[in-house]
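Read the sequence shown against my numbering and you will find it ends at 718, with the numbers running on by one and no gaps. Note that beta-carbon positions come from the ideal geometry of N, C-alpha and C, so glycine has one too. Notes follow once the structure below has been shown.
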Amino acid sequence: MAEELSVSGISKAERYQSLLPQINALVQGENDFIANVSNIMAALKYGMNFFWVGIYFVKGNELVLGPFQGTIACTRIAKGKGVCGKAWETEKIILVDDVDQFSGHIACSSSSKSEIVLPGFKSNKVNFVLDVDSDKLADFDETDKKYLQQIVAIIETKSNEQK
Ligand code: SME
Numbered sequence: 556m557a558e559e560l561s562v563s564g565i566s567k568a569e570r571y572q573s574l575l576p577q578i579n580a581l582v583q584g585e586n587d588f589i590a591n592v593s594n595i596m597a598a599l600k601y602g603m604n605f606f607w608v609g610i611y612f613v614k615g616n617e618l619v620l621g622p623f624q625g626t627i628a629c630t631r632i633a634k635g636k637g638v639c640g641k642a643w644e645t646e647k648i649i650l651v652d653d654v655d656q657f658s659g660h661i662a663c664s665s666s667s668k669s670e671i672v673l674p675g676f677k678s679n680k681v682n683f684v685l686d687v688d689s690d691k692l693a694d695f696d697e698t699d700k701k702y703l704q705q706i707v708a709i710i711e712t713k714s715n716e717q718k
């Protein structure tokens, strides 16, 4: 049996592999950070067909909503709260197959069923988290982890290039 089922004939990994160079090209030569992050979120939403994708920036003792694609979301998340606040606190990628089983999950949309959150760093400290939500249970796996880490690396580089 195939490791990844795909009705369109293209696997999730292939979709990421096709999208990544396009995202790199999209942000090349542009140093406005918010413009770049906004386009990266749109590229992820429409390239990967995600339910919700967005970034939260560490500002003081909270995460504050940045560019996103999808339904409206909570604006501020305290450190340690929800999946996003936990990813910040633990400095680790968190993959949640069923958000109802994650104690403290913050439901921005009742349609959200599974989630992956990846921390991004600046000077060895968490600077932002990338949050992707799905309306299907257990929709994220090691493939998402691998390629979304590459997206996080692009955002980290762009953040460091910022004037
Ligand atoms: N579910 C997240 C909150 C952000 S929204 O999903 C966009 C959490 O528990 O941290």
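Nearest to residue i by alpha carbon, out of the options?
i      : options                           : result
ALA708 : GLY609, LEU685 and CYS663         : LEU685
ASP694 : GLN624, PHE605, ALA590 and PHE683 : PHE605
GLY640 : ASP653, ASP652, SER664 and GLY615 : GLY615
ASP688 : GLN705, ASN586 and ILE661         : ILE661
LEU574 : GLN705, GLU711, ASP690 and VAL681 : GLN705
SER678 : SER665, GLU711 and GLY637         : GLU711
SER665 : GLU644, LEU692 and ASN682         : LEU692
TRP607 : GLN583, GLU585 and CYS663         : CYS663
Quick one: what does DSSP say residue i is sitting in, helix, strand or coil?
i      : result
LEU692 : coil
GLN572 : helix
SER714 : helix
LYS680 : strand
ALA633 : strand
PHE588 : helix
ASP653 : coil
GLN624 : strand
ILE671 : strand
GLN583 : coil
GLY609 : strand
MET556 : Unreliable placement is indicated for MET556, whose pLDDT of 48 sits below 50; no coordinate value is reported for it.
LYS701 : helix
LYS614 : strand
Could you check if residue i belongs to the surroundings of the ligand SME, using beta carbon to heavy atom distance under 6 Å?
i      : result
ALA628 : yes
GLY635 : no
ILE661 : yes
VAL681 : no
VAL638 : yes
ASP688 : yes
What is the C-beta distance between residue i and residue j, in whole angstroms, given that I count them as a contact (C-beta under 8 Å)?
i      : j      : result
ALA568 : LEU581 : Not really, about 20 Å apart at Cβ, beyond 8 Å.
GLY609 : LEU620 : 7 Å
PHE588 : GLN717 : 5 Å
LYS668 : VAL654 : 6 Å
If we count Cβ pairs, one from each stretch, closer than 8 Å, do we get three or more for the region 639-650 versus the region 666-681?
Touching, yes.
Would the region 622-641 and the region 694-703 be scored as touching if the rule is three or more Cβ pairs under 8 Å?
In this structure the region 622-641 does not touch the region 694-703; the number of beta carbon pairs closer than 8 Å is below three.
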